[in-house]
Amino acid sequence: SVDVSEQWWLMTADLESRGLSMPLMDSLIAATARHYQMTLVTRNVNDFKDTQLQLINPWQEYK
Numbered sequence: 001s002v003d004v005s006e007q008w009w010l011m012t013a014d015l016e017s018r019g020l021s022m023p024l025m026d027s028l029i030a031a032t033a034r035h036y037q038m039t040l041v042t043r044n045v046n047d048f049k050d051t052q053l054q055l056i057n058p059w060q061e062y063k
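Count the sequence shown with UniProt numbering and you get residues 1 to 63, in order.
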C-alpha cells in the first residue's frame, strides 16, 4: 500500500535522523501497525522500542 510505504519512509527517516536503524522486515511491520493505528503485539518489544508504537508483549506478566 502506498500509505504504508509512506509511513515506512517517514519512520525510517526519523530513525536515521536519530542515528538508529531497523531491519527491513521489522520496519515494514512497524509501518503497517502505524498506518492502521494498531498496537503491535510481539515478544520482541526491544526491536520496536524506538518506533513510538504502543507495544504489548503477550509473554510478559501484566499487573
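For every residue, glycine included, the Cβ atom is placed at its ideal position computed from N, Cα and C. The model shown is predicted, which means the values in this text are computed figures rather than measured ones.
Boundaries of the alpha helix (DSSP H) harbouring Glu-6: 2-17, taken from the DSSP string. Membership of Met-38 in any alpha helix (DSSP H) is not indicated, and neither H nor E is assigned to it by DSSP. Under DSSP, the beta-bridge partners assigned to Ile-56 are Val-41.
Leaving aside the five residues that flank Ala-33 on each side, the residues in its chain whose CB is nearer than 7 Å to its CB run, in chain order, Leu-40, Leu-53.
Within the same chain, and ignoring the five residues on either side of Asp-50 in sequence, the residues whose Cβ sits closer than 8 Å to its Cβ are Leu-15, Arg-18, Leu-20, Met-22.
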